[in-house]
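The next block holds one structure in the form of structure tokens; read it before the comments.
Residue numbers (my numbering): 1476 to 1818.
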């Protein structure tokens, strides 16, 4: 039996009542999300926790691949163009996980790399192993492991995707990101976000109706929260000159012991110790961050290494559950890594 899997990025479980078509499915489970970002999709398709996959956030402390960008501050004005050039370089180098340069300072590139060179369909022992599959997650159009770059039809991906439903694949997977981008830009209470919910509901209806008979799964990796406060990391740590990476809701430090924590006295800040990370099934220490802090729900570090301007919506908090919708029965609440059993 063929399987259709749709990831609707950033659809919170609390938003489901606004999705008429999705609500028509009898099985709508709450999907417990994790604190963090990149590791979510990998846990979903491997059945392993981030601590087992050793994949949690996008960038880790690892010298090598990005070193040629060090001291290239003069390229700052061309950063948008560089994203495409650098993505092409990664692709030609045989990497299937393509990252952007985001807002990362050029001197930081000398000591970081991405947490995985291979994307989730391209690693051993994932759900896609030993299956005939079609994956569309921009800019990838992947047919049975053969990666084809398709950067120019981003908004029309569903129409192109459904043309392949009469082909002989075991699995069809598509990742829809417009809701996530809309939430970041306008916030979850905006008219734009409400309109995008309806648009995505209609788009998913179109895909499902075109798919026909088979196993259907619609899941969301996390919800989204309105941003209510910003914190400048330098206000917390003063004139800190060590290594740090400022994710949007997380800040990670290296080579400082725990001295940095002595200066942090803010009730909006969570200081993560090894036990907390282990209980959350997240990797701790070493390349992921020797000292890790985060902000409570609705907070964003600003400035940070991702956003070029202040955003109005954000995720990456431990309590923004997604959903697992299907045309078959599952428990009413699922851990992220439990989904592998049902897909």
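The beta-carbon is built from N, C-alpha and C at its ideal position, and this holds for glycine as well.
In terms of residues, what are the limits of the beta strand (DSSP E) holding residue i?
{"i": "residue 1505", "result": "1502–1507"}
{"i": "residue 1650", "result": "1646–1651"}
{"i": "residue 1810", "result": "1808–1810"}
{"i": "residue 1727", "result": "1725–1729"}
{"i": "residue 1690", "result": "1690–1694"}
{"i": "residue 1637", "result": "Run containing residue 1637: none in the beta strand (DSSP E); it sits in the alpha helix (DSSP H), 1632–1637."}
{"i": "residue 1719", "result": "1718–1721"}
{"i": "residue 1745", "result": "1744–1747"}
{"i": "residue 1616", "result": "1615–1618"}
Looking at residue j and residue i, is the spacing between their C-beta atoms short of 8 angstroms?
{"i": "residue 1645", "j": "residue 1608", "result": "yes"}
{"i": "residue 1584", "j": "residue 1523", "result": "no"}
{"i": "residue 1788", "j": "residue 1699", "result": "yes"}
{"i": "residue 1689", "j": "residue 1478", "result": "yes"}
{"i": "residue 1791", "j": "residue 1739", "result": "no"}
{"i": "residue 1800", "j": "residue 1502", "result": "yes"}
{"i": "residue 1753", "j": "residue 1771", "result": "no"}
{"i": "residue 1745", "j": "residue 1768", "result": "yes"}
{"i": "residue 1812", "j": "residue 1705", "result": "no"}
{"i": "residue 1795", "j": "residue 1697", "result": "yes"}
{"i": "residue 1815", "j": "residue 1722", "result": "no"}
{"i": "residue 1633", "j": "residue 1681", "result": "yes"}
{"i": "residue 1476", "j": "residue 1672", "result": "no"}
{"i": "residue 1809", "j": "residue 1562", "result": "no"}
{"i": "residue 1576", "j": "residue 1552", "result": "no"}
{"i": "residue 1728", "j": "residue 1713", "result": "no"}
{"i": "residue 1818", "j": "residue 1602", "result": "yes"}
{"i": "residue 1648", "j": "residue 1610", "result": "yes"}
{"i": "residue 1456", "j": "residue 1679", "result": "Lying before the first or after the last residue shown, residue 1456 is absent from the chain, which here runs from 1476 to 1818."}
{"i": "residue 1530", "j": "residue 1755", "result": "no"}
{"i": "residue 1701", "j": "residue 1500", "result": "no"}
In the DSSP output, which residue or residues are listed as bridge partners for residue i?
{"i": "residue 1775", "result": "1705"}
{"i": "residue 1700", "result": "1789"}
{"i": "residue 1588", "result": "1535"}
{"i": "residue 1608", "result": "1646"}
{"i": "residue 1478", "result": "1646 and 1690"}
{"i": "residue 1801", "result": "1502 and 1692"}
{"i": "residue 1766", "result": "1728"}
{"i": "residue 1576", "result": "Note: residue 1576 sits in no beta bridge, so no partner."}
{"i": "residue 1622", "result": "1617"}
{"i": "residue 1736", "result": "In the DSSP output, where bridge partners are listed per residue, residue 1736 has none listed."}
{"i": "residue 1483", "result": "1651"}
Would you report the Cα separation of residue i and residue j, rounded to the nearest angstrom?
{"i": "residue 1662", "j": "residue 1638", "result": "33 angstroms"}
{"i": "residue 1482", "j": "residue 1715", "result": "40 angstroms"}
{"i": "residue 1692", "j": "residue 1485", "result": "16 angstroms"}
{"i": "residue 1620", "j": "residue 1651", "result": "20 angstroms"}
{"i": "residue 1586", "j": "residue 1622", "result": "28 angstroms"}
{"i": "residue 1757", "j": "residue 1749", "result": "9 angstroms"}
{"i": "residue 1614", "j": "residue 1604", "result": "21 angstroms"}
{"i": "residue 1595", "j": "residue 1572", "result": "8 angstroms"}
{"i": "residue 1686", "j": "residue 1521", "result": "25 angstroms"}
{"i": "residue 1675", "j": "residue 1506", "result": "19 angstroms"}
{"i": "residue 1542", "j": "residue 1582", "result": "9 angstroms"}
{"i": "residue 1658", "j": "residue 1703", "result": "14 angstroms"}
{"i": "residue 1708", "j": "residue 1641", "result": "52 angstroms"}
{"i": "residue 1599", "j": "residue 1653", "result": "29 angstroms"}
{"i": "residue 1784", "j": "residue 1711", "result": "21 angstroms"}
{"i": "residue 1782", "j": "residue 1569", "result": "27 angstroms"}
{"i": "residue 1564", "j": "residue 1548", "result": "19 angstroms"}
{"i": "residue 1540", "j": "residue 1804", "result": "45 angstroms"}
{"i": "residue 1719", "j": "residue 1766", "result": "9 angstroms"}
{"i": "residue 1694", "j": "residue 1556", "result": "32 angstroms"}
{"i": "residue 1667", "j": "residue 1655", "result": "12 angstroms"}
{"i": "residue 1677", "j": "residue 1635", "result": "16 angstroms"}
{"i": "residue 1528", "j": "residue 1736", "result": "28 angstroms"}
{"i": "residue 1617", "j": "residue 1574", "result": "17 angstroms"}
{"i": "residue 1741", "j": "residue 1526", "result": "28 angstroms"}
{"i": "residue 1684", "j": "residue 1747", "result": "45 angstroms"}
Since residue i is in the alpha helix (DSSP H), which residue starts that stretch and which ends it?
{"i": "residue 1824", "result": "Since the first and last residues shown for the chain are 1476 and 1818, residue 1824 lies out of range."}
{"i": "residue 1682", "result": "1666–1686"}
{"i": "residue 1526", "result": "1525–1528"}
{"i": "residue 1521", "result": "1514–1521"}
Is any beta-carbon of chain B found at less than 8 angstroms from that of residue i?
{"i": "residue 1613", "result": "The structure shown contains no chain B; it holds only a single protein chain."}
Item to complete: State whether the stretch 1760–1777 contacts the stretch 1534–1552, with contact taken as three or more CB pairs (one from each stretch) at a distance under 8 angstroms.
Response: Contact between the stretch 1760–1777 and the stretch 1534–1552 is present, because at least three Cβ pairs lie under 8 angstroms.
Worksheet item: Three or more C-beta pairs closer than 8 angstroms, one from the stretch 1511–1520 and one from the stretch 1585–1602: is that the case here?
Response: Output reads yes: the stretch 1585–1602 touches the stretch 1511–1520.
Discussion item. Within 8 angstroms, do at least three Cβ pairs link the stretch 1662–1672 to the stretch 1486–1497?
Written reply: In short, these stretches touch, since the Cβ pair count reaches three.
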